[in-house]
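Each remark here refers to the structure printed beneath this line.
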Amino acid sequence: MLGLTTIGIIHTAISLVAVAAGIIGFFRDKEINPRTGLGRTYVWTTVLTCLTGFFIFQHGGFGKPHVLGIVTLIVLTVAWVAGSTGVFGRAGRYIETVSYSLTFFFHMIPGFTETLTRLPASGPVFSGPDDPTLQKVIGGVFLLFLVGAFAQVMRLRRLHKVGTPGAIPAA
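Residue numbering for the sequence shown follows the numbering used here, beginning at 7 and increasing consecutively.
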């Protein structure tokens, strides 16, 4: 099926669950919140996406997608530490929120790349991962991430100033 191996199909299915959970979380909670069932689903399916991705070698061996998986796991760890310990002080809630959003952006890189270099099957939209137009698309998605991260930080600041229940605790 579109050149996917069995592990590739499993990996893709798991990643689609993560992306769906992330999108629903953004609309419902304005963030990926690991203290909700939806947020936990996002985090664990993202971890599984990374782990299954380490067994995919369609492009010859260890490469950029594997590095992205490692970086994603590191950022997930930073997000978890920021949200569940006091290591980052008052900045912890901000770091947590932006880090989870960053991992969502990371899903978009292989998501757009693999989808648009395979579909439509009769003539994919882009020639390959290094296609300059695809790079511009990924750059545009990164700009959306930056705008979204800024909006999330501003929302958290408003919650903190207002003292809304569930707001960022003062250090």
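Glycine included, every Cβ here is placed at the ideal spot set by N, Cα and C.
- T103 is positioned such that its CB atom lies no closer than 8 Å to that of Q141.
- Counting the other Cβ atoms within 10 Å of the Cβ of P126 gives fewer than 16, which makes it exposed.
- Under the 8 Å Cβ criterion, the segment 39-46 does not count as touching the segment 8-25, having fewer than three qualifying pairs.
- Between G28 and F110, the CB-CB gap stays under 8 Å.
- In this chain, the alpha helix (DSSP H) harbouring I144 covers P138 to V168.
- Note on T83: under 16 other CB atoms within 10 angstroms of its CB, so exposed under the neighbour-count rule.
- Separation of V25 and T121 (C-alpha to C-alpha, rounded to the nearest whole angstrom) is 14 Å.
- Straight-line measurement puts the Cα of W86 at about 18 Å from the Cα of L74.
- I76 and R163 have their C-alpha atoms roughly 31 Å apart.
- Its chain contains T11, I13, G14, H17 and P71 as the residues whose beta carbon lies nearer than 8 Å to that of I62, once the 5 sequence neighbours on both sides are disregarded; these appear in chain order.
- Distance from L108 to F156 at the Cβ level is roughly 13 Å; contact not present, criterion being Cβ atoms closer than 8 Å.
- A distance below 8 Å separates the beta carbons of L54 and I20.
- When the beta-carbon positions are compared, A88 and I80 stay at least 8 Å from each other.
- The residue from R34, T52, G43 and H166 with its alpha-carbon nearest to that of S105 is T52.
- A direct Cα-Cα distance of roughly 27 Å separates G117 from R99.
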